[in-house]
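S.K.:
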Amino acid sequence: MILAVAFVWLLALGAAIFLARQDIAAKPWLERGEIGGYSPDRREPAARTGLIFVLAIVGVLFALIASAFVMRAGDADWVAAPAPRLLWFNTGLLFAASFLLEGAARASAGVDARRADALLLAGALASGAFLIGQIVAWRELAGEGFGLGSGVAAAFFYLMTGLHGAHLLGGLVALAITFARTRGDVVSRSAALRFKLCAAYWHFLLLVWLLLFALLQGWGGGLVALCRTLIRA
Amino acid sequence: MVDVRAGAGGFHPEDFEEEEVPHPRSWWTKYVFSQDAKVVALQYAGTAVFVGLIALVLSWLMRLQLAFPGAFAFIDADHYYQFITMHGMMMVVYVLTAIFLGGFGNYLIPLMIGARDMAFPFINMLSYWTYLLAVLVLLSGFFLPGGPTGAGWTLYPPQALLAGTPGSSYGIVVMFVSLVIFIAGFTMGGLNYVVTVLQLRAPGMTMMRLPMTVWGIFIATIMALLAFPGLLVASLMMLCDRLLGASFFMPAIVQDGAPLANAGGSPILYQHLFWFFGHPEVYIVALPAFGIVADLLSTHARKNLFGYRLMVWATIAIGVLSFMVWGHHMFISGMNPIFGFFFATSTLLIAIPTAIKVYNWIFTLWRGDIRLNPPMLYSLGFIVTFVVGGLTGLFLGNVVVDVPLNSTLFVVAHFHMVMGVAPILVIFGAISHWFPLMSGRMLHDGLAKLHFWITFLGTYFIFFTMHYLGVLGVPRRYYDLGQTAFIPPSVAALNIAITVAALIVGAAQFVLIYNFIRSWRHGEAAKPNPWGATTLEWQTPEMPPPHDNWGKQAPTVYRWAYDYSVPGADRDFIPQNQPEQGARA
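Structure (structure tokens):
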């Protein structure tokens with residue numbers, strides 16, 4: 001659970017920085033009148049704030065799963081499941097999707113409607129290909145005799161990739177809504193914001209995937225050993 | 001073209017602000033599929049109260065079995081465990097979380113911060129309907145073959161999934177499915193509450209001018225958003241184990257001489273994930289109650305809240321610390337003693353910000369012009385109850401004291417005091433305080449006081465006695481004590497007395513419901529701002545407030561939320577939206 005707690009501390013740090021900027025040392029009982037230059041037009045768009053919280057929630061979710069994985073992977077009876085080689089290719093696809101959506105967001109902000117639309121579609125296609133690739137990887141693994149019931153390591157593999165895929169699928173729904181809402185209007189400010197938030201979500205899911213990928217490849221061994229030492233200390 | 005006023009990323013915030021509140025066009029969109037946070041709030045609260053009444057009846061049935069073992073043929077051991085499980089899960093998640101955040105959060109956040117509605121009204125509406133679906137799925141367990149699960153509200157594996165535990169075929173599945181749906185619905189609502197507090201505050205409403213109610217709900221919502229994923233992961237993994245043959249939590253087990261298909265799972269892992277959610281959940285319920293009670297005390301004692309800054313900081317500190325203490329629910333799970341020491345220390349640390357709050361409530365009352373009306377009575381009842389529940393928590397937070405008291409009725413009495421009775425008294429106080437705002441009428445004073453005294457004294461009779469039984473060593477969760485040598489015969493007499501008190505207290509809740517319905521229809525019409533409160537929700541042009549809350553002009557805030565009895569002012573309160581000129585005679 002050390003990973004999850006560390007992640008919560010990270011969030012707490014972010015919250016502390018935010019609160020420090022909110023003047024929480026103020027003495028509101030002494031301050032009357034319209035103070036702080038606080039007016040609505042200094043605010044960030046609500047959707048962006050919402051996304052920050054969504055990312056925090058998704059982050060905790062995966063931090064908990066990673067924690068559970070690390071806890072179990074340290075046990076003596078742990079038998080690792082092989083990570084299909086296809087995952088490397090899929091990782092490349094997700095990288096591509098992230099780059100394409102970033103490009104779409106920049107094109108949208110840079111008032112290039114055709115380019116933005118095309119890049120958005122390409123990003124969605126790359127993401128779809130990633131999901132199909134993950135399913136192929138599942139079948140490969142199951143074909144090698146590592147089904148969901150075969151052992152804890154395999155079960156974790158399906159859980160991690162499945163939940164990550166589900167979040168990407170949710171992102172694709174959001175992308176479809178964005179696409180539908182912004183058709184013919186890809187370069188307005190609200191559309192540019194939508195594109196940007198979609199891209200941010202994709203970058204985050206890429207980051208999460210890279211960490212899960214490292215754990216599934218067994219590269220988390222050092223981390224597992226570290227956690228063990230901390231517990232035994 | 002670059003606009004110099006544009007914020008980071010080159011956006012005009014005004015593109016996203018001041019969207020027209022979607023006005024309802026028909027009866028359906030006004031009262032059923034409404035996007036008005038106030039209607040969503042009443043839907044949430046109404047559903048939660050309905051679930052609460054079911055949970056109340058379940059607790060009666062449990063008490064009847066404990067007082068008169070075997071006297072009621074339909075309460076067999078299986079049913080008893082199903083009642084325990086459903087009572088616990090319903091009260092903690094589907095009643096208390098839903099009513100504080102979904103009910104009071106929805107009603108009060110937009111009004112108290114001077115907003116017209118939530119940030120994402122459609123998602124807010126969706127949140128309620130998802131919650132309702134979760135409730136229906138949960139209740140469906142009663143009608144499925146085998147009934148609801150009887151695994152205890154913590155649903156620990158492997159027992160929860162093993163044949164022999166009531167409801168292990170269907171009940172356990174619908175329980176976890178319902179929890180997953182609930183978490184999805186709550187996340188939609190929670191995002192709304194947080195973003196609304198951060199983005200839609202009226203001009204002049206700085207974070208440090210927010211009433212404590214909003215602070216409590218705000219921090220509790222953030223905690224809930226971050227804690228519920230623990231339960232979500234645990235639920236999904238349990239569903240994998242139960243339905244798909246995985247073994248996250250299920251170790252190799254031989255049942256009736258035959259090994260089960262599962263192997264290699266870790267039941268302790270479930271406990272970690274569950275309590276990563278479970279302990280913050282206590283404060284998810286408590287922090288809104290803390291906030292509301294601070295506002296009720298200040299308003300009805302006509303005094304500014306003592307130590308507002310410290311109250312805010314303590315709220316934040318409790319929020320952060322409560323993520324570091326889950327292990328104190330697992331002291332007897334065989335954990336490393338060093339961990340036990342760590343969790344005991346962090347648990348006792350929480351007592352510091354909590355004690356700060358208790359002292360500040362009491363100092364707020366000190367030399368105040370205390371009005372002993374129902375909201376004040378409920379608040380005072382809360383303080384006393386919370387202190388008692390908190391002190392017994394200090395016993396249980398220490399590993400060496402916890403080990404003998406664990407799994408006795410002492411634990412049951414402790415958590416019912418601290419997170420059952422105490423927050424529920426605040427809910428009653430909040431209902432009596434904000435009833436005029438919701439209905440435009442006053443709650444009947446005499447009936448409210450009658451309800452308070454029966455509830456307050458009755459719950460003390462129930463749970464004080466139960467502490468004593470716990471110290472005697474009477475175990476919790478037992479269907480029937482039977483011939484247990486160390487338990488004296490007087491325990492049976494006390495159990496009967498507790499049951500009689502529980503029946504009376506439960507019945508007294510119908511006094512409140514009658515009072516609510518009667519007063520909603522025929523109560524005395526309320527004057528505008530009947531309590532003389534400073535906060536914005538009482539400054540609306542109409543009572544109850546219209547869909548967009550403020551009519552033509554949304555408020556501007558000029559002062560903090562607690563300007564009561566200001567020397568030189570012409571009234572004993574100055575509303576938050578009153579400019580400096582005109583406040584004085």
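Note that the protein sequences, when read in sequence, are chains A and B.
FYI, in UniProt numbering the residues of the first sequence are 1 to 233.
FYI, in UniProt numbering the residues of the second sequence are 1 to 585.
Even for Gly, the Cβ is constructed at its ideal location relative to N, Cα and C.
In this text, all values refer to a predicted model and were calculated from it rather than measured experimentally.
#1: Take every Cβ of the segment 91 to 111 of chain B, pair it with every Cβ of the segment 30 to 44 of chain B, and state whether three or more of those distances are shorter than 8 Å.
#2: Under 8 Å, Cβ to Cβ, is there at least one residue of chain B near Ala104/A?
#3: What three-state label does DSSP hand Arg371/B in the structure shown?
#4: Anyone know if the C-beta pair for Leu64/A and Leu273/B falls short of 8 Å?
#5: So, is the C-beta of Phe146/A closer than 8 Å to a C-beta in chain B?
#6: Just curious, the alpha helix (DSSP H) that His167/A is in, first and last residue?
#7: Does DSSP classify Tyr156/B as helix, strand or coil?
#8: Given a cut-off of 8 Å on the beta-carbon distance, is the pair Ala6/A and Val320/B in contact?
#9: Name, in chain order, the residues that DSSP records as bridge partners for Pro475/B.
#10: With a threshold of 8 Å between beta-carbons, can Asp77/A be considered close to chain B, or not?
#11: In the structure shown, what three-state DSSP assignment does Ser545/B receive?
#12: Taking Pro545/B as the reference, which of Arg518/B, Gln483/B and Gly440/B has the closest Cα?
#13: Taking DSSP as the reference, what is the three-state secondary structure of Phe249/B?
#14: Is the distance from the Cβ of Ile109/B to the Cβ of Tyr193/B below 8 Å?
#15: Kindly list the residues whose CB is nearer than 8 Å to the CB of Gly146/B, restricted to its own chain and excluding five residues on each side of it in sequence; keep chain order.
#16: Of all the residues that make up the segment 564 to 576 of chain B, which are near chain A by a beta-carbon distance shorter than 7 Å?
#17: Could one say the Cβ of Leu162/B lies closer than 8 Å to chain A's Cβ atoms, at least one of them?
#18: In chain order, what residues of the same chain lie with their CB nearer than 6 Å to the CB of Met175/B, ignoring the 5 residues before and after it?
#19: Alpha carbon to alpha carbon, how far is Ala116/A from Gly123/A?
#20: Starting from the beta carbon of Ala261/B, find every residue of chain A whose beta carbon is closer than 9 Å, and list them in chain order.
#21: Just mark Asn336/B as buried or exposed, buried being the case when its beta carbon has 16 or more other beta carbons within 10 Å.
#22: Check this for me: beta carbons of Trp326/B and Trp275/B, under 8 Å apart or not?
#23: If we ignore side chains and look at the alpha-carbon of each, how far apart do Lys27/A and Pro423/B end up?
#24: Could you give the distance in angstroms between the alpha-carbon of Ala301/B and the alpha-carbon of Phe179/A?
#25: Going by the beta-carbon positions, is the gap between Ser67/A and Met1/A smaller than 8 Å?
#26: Since I believe Tyr201/A is in contact with Leu10/A (beta carbons under 8 Å), could you give me their beta-carbon distance rounded to a whole number of angstroms?
#27: At a Cβ threshold of 8 Å, is Trp202/A touching chain B?
#28: Taking only the alpha-carbon atoms, compute the straight-line gap between Leu94/A and Ile338/B and give it to the nearest angstrom.
#29: Ordered along the chain, which non-local residues of its own chain (more than five positions away) have a Cβ less than 8 Å from that of Phe16/B?
#30: So with CB distances below 8 Å, who are the chain A contacts of residue 641/B?
#31: Which residues does DSSP pair with Tyr558/B in a beta bridge?
#32: Could you tell me whether the Cβ of Pro267/B comes closer than 8 Å to any Cβ of chain A?
#33: So, using beta-carbon positions, are Leu64/B and Thr499/B closer together than 8 Å?
#34: Hey, does Ala151/B have any beta-carbon neighbour from chain A nearer than 8 Å?
#35: Is the Cβ of Ile135/A closer than 8 Å to any Cβ of chain B?
M.R.: A quick look at the data gives this:
#1: With three or more CB-CB distances shorter than 8 Å, the segment 91 to 111 of chain B counts as touching the segment 30 to 44 of chain B.
#2: no
#3: DSSP places Arg371/B in coil when its eight states are reduced to three.
#4: yes
#5: False, the Cβ-Cβ gap to chain B never drops below 8 Å.
#6: Val152 to Thr182
#7: coil
#8: Not in contact: Ala6/A and Val320/B (Cβ atoms no closer than 8 Å).
#9: Thr408/B
#10: yes
#11: Going by the sequence as given, residue 545/B is Pro instead of Ser. If DSSP states are grouped into helix, strand and coil, Pro545/B belongs with coil.
#12: Gly440/B
#13: coil
#14: yes
#15: Pro166, Gly167, Ser168, Ser169, Tyr170 and Gly171
#16: none
#17: Chain A contact via Cβ: absent.
#18: Thr149
#19: 10 Å
#20: Gly149
#21: exposed
#22: The answer is yes: Cβ separation under 8 Å.
#23: 29 Å
#24: Here the alpha carbon of Ala301/B sits roughly 56 Å from the alpha carbon of Phe179/A.
#25: Yes, the pair counts as a contact, with Cβ atoms nearer than the cut-off.
#26: Contact doesn't hold; Cβ gap of about 19 Å is too wide.
#27: So, not an interface residue.
#28: 42 Å
#29: The predicted model places Phe16/B with a pLDDT of 38, which falls under 50 and marks its position as unreliable; any figure quoted below should be read in that light. So the list is empty, once near-sequence residues are dropped.
#30: This structure cannot speak to residue 641/B, because chain B is shown only from 1 to 585.
#31: Paired residue(s): none; Tyr558/B is not in a bridge.
#32: no
#33: yes
#34: No, no contact with chain A.
#35: no
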